[in-house]
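Chain order of the listed sequences is A and B.
Residue 42 in UniProt numbering sits at position 42 of the first sequence; the count goes up by one each step and never skips.
Residue 19 in UniProt numbering sits at position 19 of the second sequence; the count goes up by one each step and never skips.
See structure below.
Number of protein chains: 2
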Amino acid sequence: MKDLYPSRKNDQPEILDRKDPVIHTERSQDDQAPLSKEQLDSYEKNGFLQIENFFSKEEVVNMQKAIFELQDANRDVTSDKVIREPESEDIRSIFHVHNDDNYFKEVAYDQRIMDIVNHLLGSDVYIHQSRINYKPGFKGKEFDWHSDFETWHTEDGMPRMRAVSLSIALSDNYTFNGPLMLIPGSQNYYVSCVGATPEDNYKESLKKQKFGVPDEDSLRWLTEQGGGISVPTGKAGSITLFESNTMHGSTSNMTPYPRNNLFMVYNSVENALVEPFSGSKPRPEYIAVREGIRTLTSAK
Amino acid sequence: MKDLYPSRKNDQPEILDRKDPVIHTERSQDDQAPLSKEQLDSYEKNGFLQIENFFSKEEVVNMQKAIFELQDANRDVTSDKVIREPESEDIRSIFHVHNDDNYFKEVAYDQRIMDIVNHLLGSDVYIHQSRINYKPGFKGKEFDWHSDFETWHTEDGMPRMRAVSLSIALSDNYTFNGPLMLIPGSQNYYVSCVGATPEDNYKESLKKQKFGVPDEDSLRWLTEQGGGISVPTGKAGSITLFESNTMHGSTSNMTPYPRNNLFMVYNSVENALVEPFSGSKPRPEYIAVREGIRTLTSAK
Chain A
1 MKDLYPSRKN DQPEILDRKD PVIHTERSQD DQAPLSKEQL DSYEKNGFLQ IENFFSKEEV
61 VNMQKAIFEL QDANRDVTSD KVIREPESED IRSIFHVHND DNYFKEVAYD QRIMDIVNHL
121 LGSDVYIHQS RINYKPGFKG KEFDWHSDFE TWHTEDGMPR MRAVSLSIAL SDNYTFNGPL
181 MLIPGSQNYY VSCVGATPED NYKESLKKQK FGVPDEDSLR WLTEQGGGIS VPTGKAGSIT
241 LFESNTMHGS TSNMTPYPRN NLFMVYNSVE NALVEPFSGS KPRPEYIAVR EGIRTLTSAK
Chain B
1 MKDLYPSRKN DQPEILDRKD PVIHTERSQD DQAPLSKEQL DSYEKNGFLQ IENFFSKEEV
61 VNMQKAIFEL QDANRDVTSD KVIREPESED IRSIFHVHND DNYFKEVAYD QRIMDIVNHL
121 LGSDVYIHQS RINYKPGFKG KEFDWHSDFE TWHTEDGMPR MRAVSLSIAL SDNYTFNGPL
181 MLIPGSQNYY VSCVGATPED NYKESLKKQK FGVPDEDSLR WLTEQGGGIS VPTGKAGSIT
241 LFESNTMHGS TSNMTPYPRN NLFMVYNSVE NALVEPFSGS KPRPEYIAVR EGIRTLTSAK
């Protein structure tokens, strides 16, 4: 398959135009969408959309309880799916929860979410990746700017920009507790990064990304195009949808306030993974679903 | 002299009450202040005050030009007053600019500033410390929570809480480019820290503070008392005044936007330094003015 979005092939970075729509259902069908025209406009323009109070207080309490129960249950577990802080043994993320845990499977396939992501991706969807992120007070580390799509394309073989990430806030998000920062409009440009991809890069990159890192000039250019940086804040229970190629990152969390979230990536069934464009062997199933597609789609 | 604010003496942290007023001129004389009653109330309650558009656009442009000229002039200079980034050689701060540079001496003794700090400290004042902070885009490092007074008391022998810091914003301050974060109300409590003070601690502590670091329980308690964390934002030319004991810190700056400022500490002439309460030898003059007091006061 032709590589429409080459990266890590050259020794100079390059900015390529996006070759896919941002919303994959025709805008003439807006009236059938579970989102308002304003919400669709905003997602299409900025590459992300926040919806406050998406989940009820009761649902939030249940999800908060569930993530800490799962953290407790994994405290002494040795598993690649359980990512720990580099300088401590605290659990930072647990992957593949939409598959391994019946409760989170239900959340991942919540009908309200499915209606939205089906519309944005213009097809049936499946879950490409899921995880719980624990960003505790004082200890949450920063995560530098990146396009998820760059990694999914290069390391996982995701052909096109036809995926959307969903972050469910399970703590109140302030501007100061290590929030998600996004560059509005950046979904429309693909930063082709320099350097190769080492084998088994994911073992390090989940802690700190060293390859597929956009260069400073491109980041400066993207913020100039987009007119700045956006930091959605909101109470627990709000959700942020962001397009696969939207440039984002997060700072460290020095405050006593935790910042926990549940994170799912929905990919179009028409955009299933092929061989990684880096030429390396595919990353494991818990990071990039290949085998589990059918089962998960039918769970809808 | 009795140590009213002991720190780094015990192996358990402790929170002590403040023993000094926050505003050292009687509030009955508010009508003689160069600040409004609302501004004085806010400073007294929160421990800081931001004033937007304090300097004119022309003044800002001149200051911006001056800080980069001084940075250029110091590029190849080896001096303790020039602090560089740990992982690069970029200049992060230049100290003692109110003394070494005629232009910054004028700024430091600007009559509008002198009127404010004289009122807040209830006496004549002198400059305890001055510096330019360069926090360039992408590279600005985080600085963890601390009370300046804790260090000035312990390492410099500043007896009482009767000093005020002034930060002049020379870049636009957003919530996302490594802003100053303050815990409102924290000026009213003194966190007595654990551990001793090594000799020449300042050589490391200007890059990353390891001693006089408040514990997490105290920080959590302070934010609960203060109802959160404040992040003043504003255009270049705005100023932030903050009380010597107000707990503050700043995150890293991952964005392309720089965050430069000019920083001066005004101390009451009635609060001149004594021997450091740590028992160590005093820090150098460029960090904590001892000898230069008379000259500087008379410059007013």
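Positions of the beta carbon are idealized from the N, C-alpha and C atoms, including for glycine.
All figures in this text were calculated on a predicted structure; none of them were measured in a lab.
For R220/A, which residues in chain B fall below 8 Å Cβ to Cβ?
Those within 8 Å of R220/A in chain B are G137, P256.
Please list the partners that T251/A has in chain B, where partner means a Cβ-to-Cβ separation under 7 Å.
Within 7 Å Cβ-Cβ: T251, S252, M254.
Do you know offhand how far T66/A's Cα is from G140/A's?
Residue 66/A is actually Ala in this sequence, not Thr. So the alpha carbons of these two residues sit roughly 20 Å apart.
Along chain B, which residues have their Cβ under 7 Å away from the Cβ of M181/A?
Here the neighbours are F176.
Nearest-angstrom Cα distance between H146/B and G279/A?
Rounded to whole angstroms, H146/B to G279/A spans 49 Å at the Cα level.
Mind listing, in chain order, the continuous alpha helix (DSSP H) runs of no fewer than 4 residues lying wholly within the stretch 137-184 of chain B?
Listed in chain order, they are 148-156.
Once the 5 residues before and after V125/B are set aside, which same chain residues still bring their CB inside 7 Å of it?
Taken in chain order, the residues that qualify are V117, N118, Y266, N267, S268, V269.
Could you pull the start and end residues of the alpha helix (DSSP H) that F104/B belongs to?
Counting along the chain, the alpha helix (DSSP H) containing F104/B begins and ends at 102-108.
Please check the pair G157/A and R8/A, which I expect to be a contact at CB under 8 Å, by giving their CB distance rounded to whole angstroms.
With 8 Å as the limit, G157/A and R8/A do not qualify as a contact, their Cβ atoms being about 14 Å apart.
Which residues, in order along the UniProt region "Disordered" (1-37) of chain A, keep a beta-carbon less than 7 Å from a beta-carbon of chain B?
If the cut-off is 7 Å between Cβ atoms, the UniProt region "Disordered" (1-37) of chain A has nothing near chain B.
With distance defined between alpha-carbon atoms, name the residue in P276/A, L241/A, T251/A, T255/A nearest to F263/A.
Ranking P276/A, L241/A, T251/A, T255/A by Cα distance to F263/A puts L241/A first.
Classify S298/B as buried or exposed, calling it buried when 16 or more other Cβ atoms lie within 10 Å of its own Cβ.
Note that S298/B scores a pLDDT of 37, beneath 50, so its modelled location is shaky and nothing firm can be said.
Assess, as a yes-or-no matter, whether the stretch 15-22 of chain B is touched by the stretch 124-138 of chain B under the definition of 3 or more beta carbon pairs within less than 8 Å.
Flag = no, the stretch 124-138 of chain B and the stretch 15-22 of chain B do not touch.
Counting only Cβ-Cβ distances shorter than 7 Å, please list the residues of the stretch 223-238 of chain B near chain A, keeping chain order.
Answer set for the stretch 223-238 of chain B: T223, I229, V231.
Taking only beta-carbon positions, decide if E142/A is within less than 8 Å of chain B.
So yes, E142/A belongs to the interface.
When we look at the beta-carbon of Q187/A and count the other beta-carbons within 10 Å, is it buried (16 or more) or exposed?
When all chains shown are included, Q187/A counts as buried.
So with Cβ pairs under 8 Å, would you call E216/B a contact of chain A?
So, interface residue.
Compare the C-alpha of P184/B against each of P232/B, L166/B, E26/B and name the closest.
Per the Cα distances, P232/B.
Consider the Cβ of W152/B: report whether some Cβ of chain A lies at a distance smaller than 8 Å.
False, the Cβ-Cβ gap to chain A never drops below 8 Å.
Between L273/B and the rest of its own chain, which residues show a CB-CB distance below 7 Å, the 5 nearest in sequence each way excluded?
Taken in chain order, the residues that qualify are D156, G157, M158, A288, R290.
Does the beta-carbon distance from N260/B to L121/B come in below 8 Å?
No, they are not a contact pair.
DSSP three-state call for Y5/B: helix, strand or coil?
Coil at Y5/B, not helix or strand.
Report all residues from its chain with a CB closer than 7 Å to the CB of E14/B; omit the five preceding and five following residues, and keep chain order.
Same-chain partners within the cutoff: S192.
Within its chain, find whatever has a CB closer than 6 Å to the CB of Q64/B; leave out the 5 residues flanking it on each side and keep chain order.
The residues are L170.
Fully enclosed by the stretch 218-282 of chain B, which alpha helix (DSSP H) runs are 4 residues long or longer?
For the stretch 218-282 of chain B, not a single whole alpha helix (DSSP H) run of length 4 or above is found.
What are the start and end residues of the alpha helix (DSSP H) that includes H119/A?
Unbroken alpha helix (DSSP H) run through H119/A: 111-121.
CB-CB under 8 Å to P256/A, same chain, minus the five flanking residues each way: which ones, in chain order?
Closer than 8 Å at Cβ, skipping near neighbours: G137, F138.
Which residues does DSSP pair with S192/B in a beta bridge?
E14/B.
Does L296/B get closer than 8 Å to chain A when you measure Cβ to Cβ?
Below a pLDDT of 50, predicted positions are generally treated as unreliable, and L296/B, at 47, falls in that range; no measurement from the model is reported.
Looking only at DSSP bridge pairs, what is Q71/B linked to?
Paired residue(s): none; Q71/B is not in a bridge.
Report the three-state DSSP secondary structure of A299/B (helix, strand or coil).
Interpretation of A299/B is limited by its pLDDT of 41, a score under 50 that renders its predicted location unreliable; the figure taken from the coordinates is listed afterwards. Correct three-state label for A299/B: coil.
Run through DSSP, which three-state label would V82/B get?
Of the three classes helix, strand and coil, the one that applies to V82/B here is strand, per DSSP.
Just how far apart, CA to CA, sit T295/A and E285/A?
Bear in mind that a pLDDT of 47 at T295/A, under 50, signals an unreliable position, so the model cannot answer this.
On the DSSP letters alone, give me the boundaries of the alpha helix (DSSP H) that S28/A sits inside.
No alpha helix (DSSP H) contains S28/A, which DSSP labels as neither H nor E.
Using CA coordinates, which residue listed in K203/A, S244/A, G292/A is at the minimum distance from E44/A?
Nearest C-alpha to E44/A: S244/A.
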